[in-house]
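Participant: Before anything else, here's the structure in question.
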Amino acid sequence: MTATTEAQQTYTSDEMMSIAAARALGDGQRCFVGIGLPSTAANLARRTHAPDLVLIYESGTLGSKPDRLPASIGDGILAETADAVISVPEVFNYWLQPGRIDVGFLGAAQLDKFGNINTTVIGDDYANPKVRLPGAGGAPEIAASCREVFVVVRQSKRSFVDRVDFVTSVGHGSGKGDRERLGLRGAGPTLVITDLGILRPDPETSELVLSQLHEGVEVEQVREATGWDLKVSPDLSRTAPPSEAELATLRALKEAGK
Amino acid sequence: MTATTEAQQTYTSDEMMSIAAARALGDGQRCFVGIGLPSTAANLARRTHAPDLVLIYESGTLGSKPDRLPASIGDGILAETADAVISVPEVFNYWLQPGRIDVGFLGAAQLDKFGNINTTVIGDDYANPKVRLPGAGGAPEIAASCREVFVVVRQSKRSFVDRVDFVTSVGHGSGKGDRERLGLRGAGPTLVITDLGILRPDPETSELVLSQLHEGVEVEQVREATGWDLKVSPDLSRTAPPSEAELATLRALKEAGK
Amino acid sequence: MAEIVSLAEGVGRLVHDGDVVALEGFTHLIPHAAGQEIIRQRRRDLTLVRMTPDIVYDQLIGAGCARKLIFSWGGNPGVGSLHRFRDAVQNGWPVPLEIEEHSHAGMANRYVAGASGLPFAVLRGYSGTDLPKHTDTIKQITCPFTGEQLAAVPALNPDVSIIHAQRADRAGNVQIWGLVGVQKEAVLAAKRSLVTVEEVVDELEPVPGQLVLPSWAVTCVAEVPHGAHPSYAQGYYDRDNAYYEHWDSIGRKRDSFEDWLREKVFDRTDSEVTGK
Amino acid sequence: MAEIVSLAEGVGRLVHDGDVVALEGFTHLIPHAAGQEIIRQRRRDLTLVRMTPDIVYDQLIGAGCARKLIFSWGGNPGVGSLHRFRDAVQNGWPVPLEIEEHSHAGMANRYVAGASGLPFAVLRGYSGTDLPKHTDTIKQITCPFTGEQLAAVPALNPDVSIIHAQRADRAGNVQIWGLVGVQKEAVLAAKRSLVTVEEVVDELEPVPGQLVLPSWAVTCVAEVPHGAHPSYAQGYYDRDNAYYEHWDSIGRKRDSFEDWLREKVFDRTDSEVTGK
Numbered sequence: 001m002t003a004t005t006e007a008q009q010t011y012t013s014d015e016m017m018s019i020a021a022a023r024a025l026g027d028g029q030r031c032f033v034g035i036g037l038p039s040t041a042a043n044l045a046r047r048t049h050a051p052d053l054v055l056i057y058e059s060g061t062l063g064s065k066p067d068r069l070p071a072s073i074g075d076g077i078l079a080e081t082a083d084a085v086i087s088v089p090e091v092f093n094y095w096l097q098p099g100r101i102d103v104g105f106l107g108a109a110q111l112d113k114f115g116n117i118n119t120t121v122i123g124d125d126y127a128n129p130k131v132r133l134p135g136a137g138g139a140p141e142i143a144a145s146c147r148e149v150f151v152v153v154r155q156s157k158r159s160f161v162d163r164v165d166f167v168t169s170v171g172h173g174s175g176k177g178d179r180e181r182l183g184l185r186g187a188g189p190t191l192v193i194t195d196l197g198i199l200r201p202d203p204e205t206s207e208l209v210l211s212q213l214h215e216g217v218e219v220e221q222v223r224e225a226t227g228w229d230l231k232v233s234p235d236l237s238r239t240a241p242p243s244e245a246e247l248a249t250l251r252a253l254k255e256a257g258k
Numbered sequence: 001m002t003a004t005t006e007a008q009q010t011y012t013s014d015e016m017m018s019i020a021a022a023r024a025l026g027d028g029q030r031c032f033v034g035i036g037l038p039s040t041a042a043n044l045a046r047r048t049h050a051p052d053l054v055l056i057y058e059s060g061t062l063g064s065k066p067d068r069l070p071a072s073i074g075d076g077i078l079a080e081t082a083d084a085v086i087s088v089p090e091v092f093n094y095w096l097q098p099g100r101i102d103v104g105f106l107g108a109a110q111l112d113k114f115g116n117i118n119t120t121v122i123g124d125d126y127a128n129p130k131v132r133l134p135g136a137g138g139a140p141e142i143a144a145s146c147r148e149v150f151v152v153v154r155q156s157k158r159s160f161v162d163r164v165d166f167v168t169s170v171g172h173g174s175g176k177g178d179r180e181r182l183g184l185r186g187a188g189p190t191l192v193i194t195d196l197g198i199l200r201p202d203p204e205t206s207e208l209v210l211s212q213l214h215e216g217v218e219v220e221q222v223r224e225a226t227g228w229d230l231k232v233s234p235d236l237s238r239t240a241p242p243s244e245a246e247l248a249t250l251r252a253l254k255e256a257g258k
Numbered sequence: 001m002a003e004i005v006s007l008a009e010g011v012g013r014l015v016h017d018g019d020v021v022a023l024e025g026f027t028h029l030i031p032h033a034a035g036q037e038i039i040r041q042r043r044r045d046l047t048l049v050r051m052t053p054d055i056v057y058d059q060l061i062g063a064g065c066a067r068k069l070i071f072s073w074g075g076n077p078g079v080g081s082l083h084r085f086r087d088a089v090q091n092g093w094p095v096p097l098e099i100e101e102h103s104h105a106g107m108a109n110r111y112v113a114g115a116s117g118l119p120f121a122v123l124r125g126y127s128g129t130d131l132p133k134h135t136d137t138i139k140q141i142t143c144p145f146t147g148e149q150l151a152a153v154p155a156l157n158p159d160v161s162i163i164h165a166q167r168a169d170r171a172g173n174v175q176i177w178g179l180v181g182v183q184k185e186a187v188l189a190a191k192r193s194l195v196t197v198e199e200v201v202d203e204l205e206p207v208p209g210q211l212v213l214p215s216w217a218v219t220c221v222a223e224v225p226h227g228a229h230p231s232y233a234q235g236y237y238d239r240d241n242a243y244y245e246h247w248d249s250i251g252r253k254r255d256s257f258e259d260w261l262r263e264k265v266f267d268r269t270d271s272e273v274t275g276k
Numbered sequence: 001m002a003e004i005v006s007l008a009e010g011v012g013r014l015v016h017d018g019d020v021v022a023l024e025g026f027t028h029l030i031p032h033a034a035g036q037e038i039i040r041q042r043r044r045d046l047t048l049v050r051m052t053p054d055i056v057y058d059q060l061i062g063a064g065c066a067r068k069l070i071f072s073w074g075g076n077p078g079v080g081s082l083h084r085f086r087d088a089v090q091n092g093w094p095v096p097l098e099i100e101e102h103s104h105a106g107m108a109n110r111y112v113a114g115a116s117g118l119p120f121a122v123l124r125g126y127s128g129t130d131l132p133k134h135t136d137t138i139k140q141i142t143c144p145f146t147g148e149q150l151a152a153v154p155a156l157n158p159d160v161s162i163i164h165a166q167r168a169d170r171a172g173n174v175q176i177w178g179l180v181g182v183q184k185e186a187v188l189a190a191k192r193s194l195v196t197v198e199e200v201v202d203e204l205e206p207v208p209g210q211l212v213l214p215s216w217a218v219t220c221v222a223e224v225p226h227g228a229h230p231s232y233a234q235g236y237y238d239r240d241n242a243y244y245e246h247w248d249s250i251g252r253k254r255d256s257f258e259d260w261l262r263e264k265v266f267d268r269t270d271s272e273v274t275g276k
């Protein structure tokens, strides 16, 4: 899918998603970065409005400043440009678990209406899955311990489901108050950024509702790409289209990362 | 007190003690070294018969090779000459606790007939002690986890008591089988090296008995310096007096450490 | 003290059928050559342990060496699925694969407990997830001071852990730098250990960020230049990102995988394998 | 992000009457200047935490700043007793001192739990000793997998931890090398932290064996050259062993200690204190 800005600049919906995700990160925040879409967005943020964003990768780097997109979560450039390189147990025990990280930036294979994430198995039978996914990795504890979680994921009926087949990482559980009951200290998913728009948890129910539409996308389109009866925020707004600077920076990053 | 070797070499009883302690260490052993007498003995061993003795200090050094006696347990020379420098939690958790260390080399303010060590308080009332001693330091876990423990201590009625006022570090508890009952994995004190001789636990009772006399010392003298009714091993032997090489090396070490 | 041996000798001596075997290396310094040597020596019924079973375990699983996998993330990083792993889990090919699944935090702490001589570790983890329903090595524990509920996981103590490092000296002291992952813990948790290194040198020149494993904490060291390929060894060579893509085409089908096995593992000469 | 402040400002802002305060540094890098600044600012009712209360705490205790000490070894290393500490414990002078006594392994693990956001730590410790009879922060815990009994100790989370390091950069990133003790854990366990450094530099040149604390994990940094004297700062100056002996003659009597307090702490000018 492509869209057109006022300046007639053409961009893809994936580019819009990465740019919208980057914009959500505040300068100076400490961000625990998953590989793929989250890493693209975090690195874009650091090269645009958030030069002092602190990137933390589970491979053991605090404050990485890569000048290209890392090819993996343990790309050598992450260690070479980091303020500190630490062991993997230390990442989880000394830095993530105590709540020192502002934003956990996650992807998802399946996401449900309460922001719960599945990256384990598709299908009801864990022992005989329809599809075996990679598994948990660092996500359950990132989702539990970061002050808030942003999820970046392409939206489709297949991936946006009423209830995930397997709760790998807890979002808002089965609704408002569940995180507190489970002893999870962070606020959980506060933003879900997709190629179509942005969803946020309803303050009353914690159910994800459509709160922002990317340029050129209509509500009905988003509903069709959602596996539950998606509610729309009364304050629904429009995402500003990518600026030329954002697009140029994103493309240069991706080019250099090849 | 001084004694005389066959070669008419004069030496002090403290020198005999350090040399006897050094001799007890086997080449290639991993030795957890307390400061003071144990450190002198361990460094002497490394410079005489045990060049591959691995010295481990609780300040965080594995394989220190100081060329003089360290002035403290955290002397810079220990870090500068170590194979690896690690944090203090790592010393205790990764290296001592799992039983990787062959010999724990400890001193004592008070020692009892079952080899229990007191470095906490003299007197019966913990809250109002007659003398407040430094406390536990690393000793309780050294005594628990090393494969065996050597104690180096000057012998006197005041320090060798029937029952210590406070068990800071467990030797053989109240006798045979107590260590197993307490879940302590090492063998506990297998040697107590003093300025008069060497005591070992009786294999049947774990009570310390006199098993070796230094040159020029008589049994009665040792009994008088012991606060319990000291038994004598049927295999009582004599310590070989210091060799000229041992004495010269010890004195050079102490001179360089000033 | 670590003994310096050949890769074939190290694997032959330290890895036995039925063993619990951990190969660690977090993206960096993955002991690929050692993994392939285990396949060459046709080990069977292994319980493989690894936080991130990626290509190295896709190969071992596809070759039928494993009966169980203990892990926290199984994928081809940056590329997609591990097809041999999926085929084993979904279809039991070539042999059924039992799995024991944790999170990274849980696995890292299991190694820490193992390295520390403790029977278990405590963490804030798993709460509200479906993992405890399927993984019986996740339990709850109560803080004796605050009454809080936390997760407990049992120590991992592999029969043998294998890692790759940059260098060792002739006495067998091992030097690693860059991302060090969970390798120290994996070695210290294991009953036996094998460290493959890029080179054995006379003296270990200190490097910022280094981690040194003393010789007496390691069982065997084997010099295996390029032993981490297609992963990387900082200071020696970069990650072969193209190979990770290429693996997808090999691993996708049983045929292409078996061709690869024959050509690249079983028919290779010793000198091709050791790179010397 | 850490703010760069003067020592007086750092202590003034971060250390309050009644706080739980940890000064750490294991023989190396003991924050002596910061300790004396706490005395100068006449803080009271502090709960002092330190594995090895040596001269730095003898001074704070003798000056009447502390009501409680949490520790594992209190002595003048290589010399003998801490006379001010003994006078406080045995005679309540100048104020009574409550003590909470652990072993090094217990204290180190209490900091580790604090740094890890856990309420307690588990270790093989204390079994058979008399410490649990007098220290109620030692309990037993049962392994949920093996049934084994182990010791549990609660996390230490000081209101403020103070350490000394070699260098910081202008952004407040801190660099330490040589013996690093338990300093990282002490800082990460604390609600607030102050790091005194030998110098603030433009760029932190990497050093083998270094540990870096990112600026955002530290509250304040103060440049205090020679701030660890009479302990040492590797790469800057050696331990002043003679001073440790000398301290014995100062600390032994109340008179000589009070003379020292007046002369060396209260009557010193700011410029003498900061060494600038």
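Residue numbers (our numbering), protein chains in the order written: chain A, 1 to 258; chain B, 1 to 258; chain C, 1 to 276; chain D, 1 to 276.
Idealized CB from N, CA, C, for every residue including glycine.
(1) Would you call the region 201–213 of chain D and the region 171–189 of chain D in contact, with 3 or more CB pairs under 8 Å?
(2) Have a look at W73(D) and D202(D) and give me their C-alpha separation to the nearest angstrom.
(3) Check the C-beta distance from H32(D) over to S231(D) and give it rounded, since I have them as a contact under 8 Å.
(4) Measure the Cβ-Cβ separation of I141(C) and P144(D) and say whether it is below 8 Å.
(5) Given that a residue counts as buried once 16 or more other Cβ atoms are within 10 Å of its Cβ, and exposed if not, what is P241(A)?
(6) Whose C-alpha, out of E98(C), A113(C) and G147(C), is nearest the C-alpha of F120(D)?
(7) With distances taken from CA atoms, which of N116(B), I73(B), E58(B) and L133(B) is nearest L96(B)?
(8) At a Cβ cut of 7 Å, what residues of the region 110–139 of chain C count as close to chain B, listed as they run along the chain?
(9) G60(B) CB to nearest chain D CB: under 8 Å?
(10) Is it buried or exposed for V187(D), if we count other Cβ within 10 angstroms and need 16 for buried?
(11) For V207(C), which residues in chain D fall below 8 Å Cβ to Cβ?
(12) Hey, would you say E185(C) sits closer than 8 Å to E223(C), going by beta carbons?
(13) Evaluate N91(D) with the Cβ neighbour count: other Cβ atoms within 10 Å of its Cβ, from every protein chain shown; 16 or more gives buried, anything less gives exposed.
(14) Based on Cα-Cα distance, which residue from G128(D), D169(D), Q166(D) and S193(D) lies nearest to V160(D)?
(15) Just checking: is the beta-carbon of G99(B) within a distance shorter than 8 Å of some beta-carbon in chain C?
(16) Taking the alpha helix (DSSP H) that P132(D) falls in, what are its first and last residues?
(17) Who does G80(C) pair with in a DSSP beta bridge?
(18) V153(D) and R110(D) look like a contact to me (Cβ under 8 Å); what is the Cβ gap, rounded to whole Å?
(19) Please look up how many angstroms separate the CB atoms of E204(B) and K176(B), rounded, as I've assumed it's under 8 Å.
(20) Taking one C-beta from the region 106–115 of chain A and one from the region 29–41 of chain A each time, how about it: are there three or more such pairs within less than 8 Å?
(21) Find out if the Cβ-Cβ distance for the pair D162(B), K113(B) is shorter than 8 Å.
(22) Pair every Cβ in the region 235–243 of chain C with every Cβ in the region 32–49 of chain C, then say whether three or more of these pairs are closer than 8 Å.
(23) Please report how far the alpha carbon of R223(B) lies from the alpha carbon of H214(B), in whole angstroms.
(24) Candidates A66(D), R268(D) and L118(D): which alpha carbon is nearest Q149(C)'s?
(25) Looking only at its chain, what residues have a beta carbon closer than 6 Å to the beta carbon of G64(D), apart from the 5 residues adjacent to it on each side?
(26) Which first and last residues belong to the beta strand (DSSP E) in which Q175(D) is found?
(27) With distances taken from CA atoms, which of A21(A), V151(A), V131(A) and K157(A) is nearest P140(A)?
(28) Drop a sphere of 10 angstroms on the beta-carbon of A143(B), count the other beta-carbons inside from all chains shown, and report buried for 16 or more, exposed for fewer.
(29) Given a threshold of 16 other Cβ atoms within 10 Å of its Cβ, counted over all protein chains shown, does T135(D) qualify as buried or as exposed?
(30) Is it buried or exposed, G186(A), if we count other Cβ atoms within 10 angstroms and call 16 or more buried?
Facilitator: Here's the rundown:
(1) With a cut-off of 8 Å, the region 171–189 of chain D and the region 201–213 of chain D count as touching, because enough Cβ pairs lie within range.
(2) Counting from one through the fourth sequence, the residue named residue 73(D) turns up at place 73. Counting from one through the fourth sequence, the residue named residue 202(D) turns up at place 202. About 38 Å.
(3) Position 32 of the fourth sequence, counted from the start, is the residue given in the question as residue 32(D). Position 231 of the fourth sequence, counted from the start, is the residue given in the question as residue 231(D). Yes, H32(D) and S231(D) are in contact; Cβ-Cβ is about 7 Å, under 8 Å.
(4) Along the third sequence, read from residue 1 onward, the residue named residue 141(C) stands at position 141. Along the fourth sequence, read from residue 1 onward, the residue named residue 144(D) stands at position 144. Cβ distance < 8 Å, so I141(C) and P144(D) count as in contact.
(5) The sequence position of residue 241(A) within the first sequence is 241, counting from 1. Burial is judged here by how many other beta carbons sit within 10 angstroms of a residue's own beta carbon; P241(A) has at least 16 and is buried.
(6) Within the fourth sequence, numbered from 1, the residue matching residue 120(D) stands at position 120. Measuring from the Cα of F120(D), the nearest candidate turns out to be G147(C).
(7) Counted from its first residue, the second sequence places residue 96(B) at position 96. Relative to L96(B), the option among N116(B), I73(B), E58(B) and L133(B) whose CA is nearest is E58(B).
(8) Those residues of the region 110–139 of chain C that come within reach of chain B (Cβ to Cβ, closer than 7 Å) are A115, S116 and G117.
(9) Mapped onto the second sequence, residue 60(B) falls at position 60. G60(B) counts as touching chain D.
(10) Residue mapping note: residue 187(D) aligns to position 187 of the fourth sequence, counting from 1. Counting Cβ neighbours within 10 Å, V187(D) comes out buried, since at least 16 surround it.
(11) For the purposes of this step, residue 207(C) is taken as residue 207 along the third sequence, with counting starting at 1. Neighbours of V207(C) across chain D, judged by C-beta separation under 8 Å: P208.
(12) For the purposes of this step, residue 185(C) is identified with residue 185 of the third sequence, where counting begins at 1. For the purposes of this step, residue 223(C) is identified with residue 223 of the third sequence, where counting begins at 1. The answer is no: Cβ separation not under 8 Å.
(13) The residue you call residue 91(D) lines up with position 91 of the fourth sequence. In the assembly as shown, N91(D) is an exposed residue. Its beta-carbon has fewer than 16 other beta-carbons within 10 Å.
(14) For the purposes of this step, residue 160(D) is identified with residue 160 of the fourth sequence, where counting begins at 1. Check the Cα spacing between V160(D) and each of G128(D), D169(D), Q166(D) and S193(D): the tightest is with S193(D).
(15) In the second sequence, counting from the first residue as 1, residue 99(B) sits at position 99. Yes - at least one Cβ of chain C is within 8 Å of the one on G99(B).
(16) Indexing the fourth sequence from 1 puts residue 132(D) at position 132. P132(D) -> alpha helix (DSSP H) spans L131 to H134.
(17) For the purposes of this step, residue 80(C) is taken as residue 80 along the third sequence, with counting starting at 1. For G80(C), the pairing in a beta bridge is given by DSSP as N76(C).
(18) Translated into positions along the fourth sequence, residue 153(D) becomes position 153. Translated into positions along the fourth sequence, residue 110(D) becomes position 110. So it is a contact: roughly 5 Å between Cβ atoms.
(19) The residue labelled residue 204(B) in the question sits at position 204 within the second sequence. The residue labelled residue 176(B) in the question sits at position 176 within the second sequence. Contact holds; Cβ gap of about 7 Å.
(20) Contact holds: three or more Cβ-Cβ distances are below 8 Å.
(21) In the second sequence, counting from the first residue as 1, residue 162(B) sits at position 162. In the second sequence, counting from the first residue as 1, residue 113(B) sits at position 113. Contact flag set, yes.
(22) Too few Cβ pairs lie closer than 8 Å, so no.
(23) Looking up residue 223(B) in the second sequence gives position 223. Looking up residue 214(B) in the second sequence gives position 214. Rounded to whole angstroms, R223(B) and H214(B) show a C-alpha spacing of 14 Å.
(24) The residue you call residue 149(C) lines up with position 149 of the third sequence. The shortest C-alpha to C-alpha distance from Q149(C) to any of A66(D), R268(D) and L118(D) is the one to L118(D).
(25) Here the question's residue 64(D) lines up with position 64 in the fourth sequence. Counting only Cβ-Cβ distances below 6 Å, and skipping sequence neighbours, we find P94 and V95.
(26) Reading the fourth sequence from its first residue, position 175 is the one you call residue 175(D). Where Q175(D) is concerned, the enclosing beta strand (DSSP E) stretches over V174 to I176.
(27) For the purposes of this step, residue 140(A) is identified with residue 140 of the first sequence, where counting begins at 1. Minimum Cα distance to P140(A) is reached at V151(A).
(28) Here residue 143(B) corresponds to residue number 143 of the second sequence, with the count starting at 1. By the neighbour-count rule (16 or more Cβ atoms within 10 Å), A143(B) is buried.
(29) To locate residue 135(D), count along the fourth sequence from 1; it is residue 135. Burial call: buried.
(30) Taking the first sequence and counting its residues from 1, one reaches residue 186(A) at position 186. Buried, because 16 or more other Cβ atoms sit within 10 Å of the Cβ of G186(A).
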